[in-house]
Amino acid sequence: MTIDLATLDGRERHKLLNGVVVPRPIGWISTVDENGVRNLAPYSWFQIASSTPPVVMFSAGKRNGVAKDSALNAIATGGFVANIVNGDLLEAMNATSVEAAIDVDEFDYARLDATPSERIAAPRVTAAPVSLECETLHHYEIPDGGNTVVFGRVLVAHVRDDLRDENGYIDIRKLDPIARLAGLDYATLGDVVTVPRPE
Ligand SMILES: Cc1cc2nc3c(=O)[nH]c(=O)nc-3n(C[C@H](O)[C@H](O)[C@H](O)COP(=O)(O)O)c2cc1C
7 MTIDLATLDG RERHKLLNGV VVPRPIGWIS TVDENGVRNL APYSWFQIAS STPPVVMFSA
67 GKRNGVAKDS ALNAIATGGF VANIVNGDLL EAMNATSVEA AIDVDEFDYA RLDATPSERI
127 AAPRVTAAPV SLECETLHHY EIPDGGNTVV FGRVLVAHVR DDLRDENGYI DIRKLDPIAR
187 LAGLDYATLG DVVTVPRPE
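The sequence shown begins at 7 in this note's numbering and counts up by one.
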């Protein structure tokens, strides 16, 4: 089957791309607006963009032509926190995806504790195994009404003590990351295969 993307409507394009670029990590993005109102929402169009300098990105769709609140806040206030979601936080993460007005505090809505960040106005999710405090570096508007892609320089990483060994490696079994698939589906860490690099 060969598909010309121009022949698909928006929903079909979304289903195709969202279904084949899997599994995706989830950046659980906390921000504040210019009045200090907290916001928290999951973004699975989330990735490392660079490690030196350390940069991550998330991609926010639009509602009625306007970027979602997380992107608006990150751009307006200059920062966001990317919290990592583990198995214990799956339900709470899902609750924060509620389509809520910009003045709704999703920490309260999902009954989540927040810890003040060190360098960013937005707090982090206290229970998250890892939280990356990011300073908004840049945002890119995908042409033709596409997503708003927000890049943030990671200033501080909060990592649960038992997750990182003396060589700096993260124990991904203990991290227990949740990944996004498509529709209502998620994946947990399954079999891990170790493959030596070619000489
Ligand atoms: C696991 C998960 C991943 C999501 N990933 C994205 C994403 O990458 N981009 C996006 O625009 N919306 C995504 N959504 C939907 C947003 O979380 C949802 O629209 C939310 O209300 C946005 O909140 P905000 O306007 O406060 O930023 C995702 C939802 C879930 C449950």
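We treat Cβ as the ideally placed atom computed from N, Cα and C, and that holds for glycine.
Computed from a predicted structure; not experimentally measured.
**Report entry** Rounded C-alpha distance that separates R159 from R69
**Finding:** R69 has its alpha-carbon roughly 26 Å from the corresponding atom of R159.
Report task. Note the first and the last residue of the continuous alpha helix (DSSP H) segment covering S65. Result -> Following the DSSP letters along the chain, one finds S65 in no alpha helix (DSSP H) but inside the beta strand (DSSP E) bounded by residues 60-66.
Report task. Measure how close the beta-carbons of T76 and A66 come, nearest whole angstrom, since I'm counting them as under 8 Å. Result -> Sequence check: residue 76 is Ser here, not Thr. About 6 Å; that satisfies the 8 Å criterion.
Query raised in the report: Looking at the structure shown, is Y175 part of a helix, part of a strand, or coil, going by DSSP?
Result: If DSSP states are grouped into helix, strand and coil, Y175 belongs with coil.
Query raised in the report: Is N41 buried or exposed, if buried means 16 or more other CB atoms sit within 10 Å of its CB?
Result: Flag for N41 reads exposed.
Query raised in the report: Is K74 near ligand 1, going by C-beta to nearest heavy atom under 7 Å?
Result: Yes, Cβ of K74 sits closer than 7 Å to a heavy atom of ligand 1.
**Report entry** R17 (DSSP reduced to helix, strand or coil)
**Finding:** Three-state result, R17: helix.
Report task. Keeping to the same chain, check which residues put their C-beta closer than 7 Å to that of R170; ignore five residues upstream and five downstream. Result -> I176, listed in sequence order.
Query raised in the report: Using DSSP with H/G/I as helix, E/B as strand and the rest coil, what is I81?
Result: Here I81 sits in helix by DSSP.
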